[in-house]
Amino acid sequence: MDLEKTAKIGTALSNPIRIKIIYLLNKKPMSIYELAKTLNLSRPVLYTHLKKLEEADLVESYLVLDDARAKRMYRAKKFKFYIDNDKINEFFEK
499 MDLEKTAKIG
509 TALSNPIRIK
519 IIYLLNKKPM
529 SIYELAKTLN
539 LSRPVLYTHL
549 KKLEEADLVE
559 SYLVLDDARA
569 KRMYRAKKFK
579 FYIDNDKINE
589 FFEK
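Take the sequence shown: its letters are residues 499 to 592, numbered as in the numbering used here.
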């Protein structure tokens, strides 16, 4: 993992709401409506959080047909994130 990717993941995980979103999506894929209702957040606020998580490659979205309408679903992606002093040194001592 490179420095930029590490920073994106760190930024994405720096917010408790985004960590809770990953927790919920680890259990099952959910639509924006389900997430908004569960977290008691507006959809625009939720989209902002989901965008950060997608940019960090922690969640992904896909379309499903639901009664002849397309519905965007979100799911968590598998990842491991580990950082320590040695890892930070690796970024700059290549």
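We treat Cβ as the ideally placed atom computed from N, Cα and C, and that holds for glycine.
Asked                                                                                           : Found
Contacting residues, own chain, Cβ-Cβ under 7 Å from Y560 (five flanking each side not counted) : M571
Of the residues K592, L501, Y521, the one placed nearest L556, counting alpha carbons only      : Y521
Extent of the continuous beta strand (DSSP E) to which Y572 belongs                             : 567-574
Whole-Å CB distance - H547 paired with N513, under 8 Å assumed                                  : 7 Å
Inter-residue spacing [alpha-carbon to alpha-carbon] between L539 and E591                      : 43 Å
Simplified DSSP assignment, three categories, for E558                                          : strand
Alpha helix (DSSP H) segment containing K525, residue limits                                    : 514-525
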